[in-house]
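These notes concern the structure reproduced below.
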Amino acid sequence: MSQKINRIAVIGAGTMGAGIAGLCAAKGREVVLLDMTEEQARKGVERLTQGRRPAITEEMANSITTGSLQDQLSLVADCDWICEAVVEDLGIKRDLFARLEEVRKDGSILSTNTSGIPLRDIYKDMPERLQQDIAVTHFFNPVHIMKLVELVPGSKTSSQTTRRLADFLDNTLEKGTVYAKDTVNFIGNRIGCFWMLAGLHKAADSGLSVETVDALMSKPIGLPATGLYGLIDLIGLDVMDFVAKNLSANLPSNDPGRSFLTLPQTEAQMLSDGQLGRKSGGGFYKMVKGDDGEKSMEVFDLTNKAWRPMIKAQLETSHTDISQLMYNDDAESKFTCELMGTTLQYASALVPEISDDIVNIDRAMKWGFNWDKGPFELMDSIEPVKFAEMLKTRGVQVDGILKVLIDSNNTSFYQADGSEFLGTDGKYHKVPA
Ligand SMILES: NC(=O)c1ccc[n+]([C@@H]2O[C@H](COP(=O)([O-])OP(=O)(O)OC[C@H]3O[C@@H](n4cnc5c(N)ncnc54)[C@H](O)[C@@H]3O)[C@@H](O)[C@H]2O)c1
Numbered sequence: 000m001s002q003k004i005n006r007i008a009v010i011g012a013g014t015m016g017a018g019i020a021g022l023c024a025a026k027g028r029e030v031v032l033l034d035m036t037e038e039q040a041r042k043g044v045e046r047l048t049q050g051r052r053p054a055i056t057e058e059m060a061n062s063i064t065t066g067s068l069q070d071q072l073s074l075v076a077d078c079d080w081i082c083e084a085v086v087e088d089l090g091i092k093r094d095l096f097a098r099l100e101e102v103r104k105d106g107s108i109l110s111t112n113t114s115g116i117p118l119r120d121i122y123k124d125m126p127e128r129l130q131q132d133i134a135v136t137h138f139f140n141p142v143h144i145m146k147l148v149e150l151v152p153g154s155k156t157s158s159q160t161t162r163r164l165a166d167f168l169d170n171t172l173e174k175g176t177v178y179a180k181d182t183v184n185f186i187g188n189r190i191g192c193f194w195m196l197a198g199l200h201k202a203a204d205s206g207l208s209v210e211t212v213d214a215l216m217s218k219p220i221g222l223p224a225t226g227l228y229g230l231i232d233l234i235g236l237d238v239m240d241f242v243a244k245n246l247s248a249n250l251p252s253n254d255p256g257r258s259f260l261t262l263p264q265t266e267a268q269m270l271s272d273g274q275l276g277r278k279s280g281g282g283f284y285k286m287v288k289g290d291d292g293e294k295s296m297e298v299f300d301l302t303n304k305a306w307r308p309m310i311k312a313q314l315e316t317s318h319t320d321i322s323q324l325m326y327n328d329d330a331e332s333k334f335t336c337e338l339m340g341t342t343l344q345y346a347s348a349l350v351p352e353i354s355d356d357i358v359n360i361d362r363a364m365k366w367g368f369n370w371d372k373g374p375f376e377l378m379d380s381i382e383p384v385k386f387a388e389m390l391k392t393r394g395v396q397v398d399g400i401l402k403v404l405i406d407s408n409n410t411s412f413y414q415a416d417g418s419e420f421l422g423t424d425g426k427y428h429k430v431p432a
């Protein structure tokens with residue numbers, strides 16, 4: 000039986016499924032893309048070749064075989080990897096896997112691109128063969144650009160399945176594989192959504208302007224230029240609300256993220272008014288065209304609840320670096336310390352719940368959220384011992400791997416030029432390739 004993944008079937012030709020199919024085709028693999036109808040599958044492929052920077056060429060697109068689940072399901076029979084990327088609905092995914100299990104060949108691998116459904120709920124009571132051959136492959140959008148794929152094995156997934164998938168993702172698709180556990184939202188979205196939802200609340204409490212919040216939550220920390228509100232405009236308040244509802248159903252009962260699952264009052268009003276973000280023509284920011292035809296940016300003032308021209312925030316020099324921002328006493332520093340301090344402590348407390356080590360967490364945030372440094376690299380840049388002291392003086396309990404660092408009398412999460420990381424045993428280990 001060949002161990003190579005040469006022929007791939009992707010089910011669901013929406014944003015993610017078409018993206019995954021396109022990427023596999025771009026790497027010279029034989030690809031079958033199925034949706035409910037052949038037309039939907041074909042439209043998914045067509046989208047890949049459109050826009051200013053198409054994901055794939057016409058030639059690559061033509062190499063993808065499209066079809067309907069109704070008429071062409073048998074095309075998956077000789078595929079080595081079948082990747083499911085249909086709507087986020089447990090019943091639909093389970094029905095689909097039951098059908099795939101009947102036609103797929105021995106030795107083929109199944110995966111789901113779910114972003115929030117526990118894998119164990121998908122394979123529950125399914126045949127033993129399926130349970131050994133299934134994993135989550137959580138790609139990030141846009142698939143051809145984002146480096147991260149979270150690979151999540153189930154409790155019975157064979158090590159051979161995990162190895163073959165990781166090898167294919169890393170070496171053929173040239174992605175960055177992060178090993179995650181079957182916990183809610185895996186790694187990137189667990190921490191990233193905490194940061195965003197906590198951010199909305201802490202920013203509202205801070206009284207800072209939208210522009211100042213975004214100026215702080217970007218370059219000074221090493222986060223993307225969109226900042227907090229700009230990122231939520233990209234994602235959409237409706238998606239944030241959906242994510243919060245999923246977290247509400249699945250987060251552990253004592254998880255600190257539970258404090259931030261209801262949108263602040265103003266954002267809740269924006270959501271019910273349909274002021275969702277870029278997709279609705281404006282959220283926290285919107286582009287307007289003046290009478291002279293000139294375009295300019297406006298900001299939704301959260302205090303007055305009215306649009307006004309955007310005013311670029313000017314940060315003091317001492318506020319352009321996280322190591323100073325975290326330990327000062329003015330409003331901008333206090334907000335940064337509130338949000339980043341809580342987020343870093345949250346990441347620390349999630350080891351080993353969501354990942355056995357800090358390396359996978361740092362990589363997930365860098366490769367999936369474009370942070371310059373992951374949470375533990377960030378903590379190293381603000382001196383973890385000093386950070387833990389500061390948390391204690393603010394009455395925050397120091398938990399997880401940060402507590403391990405303190406208890407083992409270490410002073411950094413990485414050493415030897417970043418080639419070794421601190422493990423949960425309080426000892427340093429080699430960073431895997
Ligand atoms: N969009 C993202 O940023 C993103 C990121 C990571 C993971 N995901 C996950 O990837 C999966 C797909 O998301 P998407 O954004 O591509 O969604 P999408 O809405 O763009 O596409 C979903 C596709 O599923 C098809 N579909 C719907 N019902 C079906 C059924 N009964 N049988 C077969 N196909 C059916 C639709 O025709 C559509 O083509 C979801 O599980 C989602 O949570 C999405």
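Residues 0 to 432, numbered by numbering that gives the first Met the number 0, are exactly what the sequence shown covers, in order. Don't be surprised by glycine CBs; every beta carbon is placed ideally from N, CA and C. This structure is a prediction, so every number in the text was calculated from the model and none was measured.
Q | Same chain, Cβ closer than 8 Å to Asp79, five either side skipped, listed in chain order | A | If the five residues before and after Asp79 are omitted, its C-beta is found closer than 8 Å to the C-beta atoms of Ser1, Lys3, Ile4, Asn5, Arg6, Ile7, Gly106, Ser107, Ile108, all from its own chain and listed in chain order.
Q) Does the Cβ of His143 lie closer than 8 Å to at least one heavy atom of ligand 1? A) Flag unset: Cβ of His143 not near ligand 1.
Q. Near Ala197, which residues of its chain fall below 7 Å by C-beta distance, leaving aside the five closest residues on each side in sequence?
A. Cβ neighbours of Ala197 within its own chain (closer than 7 Å, five residues either side excluded): Phe259, Leu338, Thr341, Thr342.
Q: Could you please go through the chain and list the residues whose beta-carbon is closer than 7 Å to any non-hydrogen atom of ligand 1?
A: Residues whose Cβ lies closer than 7 Å to any heavy atom of ligand 1, listed in chain order: Ile10, Gly11, Ala12, Gly13, Thr14, Met15, Gly16, Asp34, Met35, Gln39, Gly43, Leu68, Ala84, Val85, Val86, Glu87, Ile91, Leu95, Asn112, Thr113, Ser114, Gly115, His137, Phe138, Phe139, Asn140.
Q. DSSP state of Lys278, grouped into three classes?
A. Lys278 carries a helical assignment under DSSP once its states are collapsed to helix, strand and coil.
Q) Closest to Pro263 by CA distance: which of Leu33, Ile91, Met195, Arg128 is it? A) That would be Met195, whose Cα lies nearest to the Cα of Pro263.
Q. Of the residues Arg393, Ala243, Tyr413, Ala84, which one's Cα is nearest the Cα of Phe516?
A. The first residue shown for the chain is 0 and the last is 432, placing residue 516 beyond what the model contains.
Q. Who are the Cβ neighbours of Gln233 in its own chain at under 8 Å, not counting the five residues just before and after it?
A. It is worth fixing the name first, because residue 233 is Leu in this sequence and not Gln. In the same chain as Leu233, and ignoring 5 residues on each side of it, the C-beta atoms closer than 8 Å to its own belong to Thr225, Gly276, Arg277, in chain order.
(Q) Taking the alpha carbon of Ser62 as the reference point, which residue from Glu45, Leu72, Gln69, Arg52 has its own alpha carbon closest? (A) Selected option, being the one with the closest Cα: Glu45.
Q) Bridge partners of Val298, per DSSP? A) Under the DSSP definition of a beta bridge, Val298 partners with Tyr284, Arg307.
Q.
Once DSSP output is grouped into helix, strand and coil, what is the label at Arg103?
A. DSSP places Arg103 in the coil class of the three-state scheme, outside both helix and strand.
Q: Would you decide whether Ile353 is buried or exposed? Buried here means 16 or more other CB atoms lie within 10 Å of its CB.
A: Note on Ile353: 16 or more other CB atoms within 10 angstroms of its CB, so buried under the neighbour-count rule.
Q: Give, in chain order, every unbroken run of the alpha helix (DSSP H) that is at least 4 residues long and sits entirely within the region 156 to 195.
A: 158 to 166, all fully within the region 156 to 195.
(Q) Taking the beta carbon of Met269 as the centre, do at least 16 other beta carbons fall within 10 Å, making it buried, or is it exposed? (A) Counting Cβ neighbours within 10 Å, Met269 comes out buried, since at least 16 surround it.
Q) The beta strand (DSSP E) spanning Ser110 covers which residue range? A) Note, Ser110: beta strand (DSSP E), 108 to 111.
Q. Should Gly289 be labelled buried (16 or more other beta-carbon atoms within 10 Å of its own) or exposed?
A. When all chains shown are included, Gly289 counts as exposed.
Q: Pull up the CB-CB distance for Ala363 and Val177, whole angstroms please, since I reckon it's below 8 Å.
A: Between Ala363 and Val177 a beta carbon distance of about 5 Å is seen, short of the 8 Å cut, so the two are scored as contacting.
Q | Ser407 to Gly425 span [Cα, whole Å] | A | The C-alpha of Ser407 lies about 5 Å from the C-alpha of Gly425.
Q. Starting from Leu246 and walking both ways along the alpha helix (DSSP H), at which residues does that stretch end?
A. Residues 236 to 249.
Q | In DSSP terms, what Cys82 is bridged to | A | DSSP output for Cys82 lists Val9, Ser110 as bridge partner(s).
Q) Contact check, Leu349 vs Pro383 under 8 Å by CB: the rounded distance? A) Between the beta-carbon of Leu349 and that of Pro383 there is about 16 Å, and that puts the pair past the 8 Å contact cut.
Q.
What would DSSP say about Met0, mapped onto helix, strand or coil?
A. The pLDDT assigned to Met0 is 42, lower than 50, so where the model puts this residue is not dependable, and the model offers no usable value.
Q) What's the gap between the Cα of Ser322 and the Cα of Met378? A) Going from the Cα of Ser322 to the Cα of Met378 covers about 9 Å.
Q: Could you say which of Val85, Asp94, Val287 lies nearest to His137 if we only look at CA atoms?
A: Of the listed residues, the one whose Cα sits closest to His137 is Val85.
Q. For Lys42, which three-state DSSP category applies?
A. Lys42 carries a helical assignment under DSSP once its states are collapsed to helix, strand and coil.
Q: Below 8 Å on the Cβ atoms is my guess for Leu47 versus Ala40; work out the distance and round it to an integer in Å.
A: The pair is not a contact, with the Cβ atoms about 12 Å apart (cut-off 8 Å).
(Q) Counting beta carbon pairs with one atom in the region 9 to 19 and one in the region 138 to 148, are three or more of them shorter than 8 Å? (A) Counting C-beta pairs closer than 8 Å gives three or more between the region 138 to 148 and the region 9 to 19, which meets the contact rule.
Q: Excluding the 5 residues preceding and the 5 following Asp490 in the sequence, name in chain order all residues of the same chain whose CB lies nearer than 7 Å to its CB.
A: The chain is shown only over 0 to 432; residue 490 falls outside these bounds and no answer can be derived.
Q) Is Tyr228 helix, strand or coil by DSSP? A) Here DSSP, grouped into helix, strand and coil, assigns Tyr228 to helix.
Q) Going by C-alpha distance, which of Ser114, Ser347, Leu215 is nearest Val238? A) For the residues Ser114, Ser347, Leu215, the minimum Cα distance to Val238 belongs to Ser114.
(Q) If contact is defined by three or more beta carbon pairs under 8 Å, each pair taking one atom from either stretch, is the region 301 to 315 in contact with the region 199 to 216? (A) Yes: the two stretches touch, three or more of their Cβ pairs being nearer than 8 Å.
(Q) Within 10 Å of its beta-carbon, does Ala97 have 16 or more other beta-carbons around it, so buried, or fewer, so exposed? (A) The C-beta of Ala97 has fewer than 16 other C-beta atoms within 10 Å across all chains shown, which makes the residue exposed.
Q | Straight-line gap, Gly417 to Val430 (C-alpha atoms, nearest Å) | A | It is roughly 8 Å from the alpha-carbon of Gly417 to the alpha-carbon of Val430.
(Q) Classify Ser247: buried if its beta carbon has 16 or more other beta carbons within 10 angstroms, exposed otherwise. (A) It counts as exposed.
Q. Got a sec? Which residues, its chain only, sit under 7 Å from Gln71 by beta carbon, not counting five neighbours each side?
A. The answer, listed in chain order, is Leu33.
Q.
Using only CA atoms, which one of Val102, Lys104, Ile144, Asp88 lies nearest to Leu118?
A. With distances taken between Cα atoms, Leu118 lies closest to Asp88.
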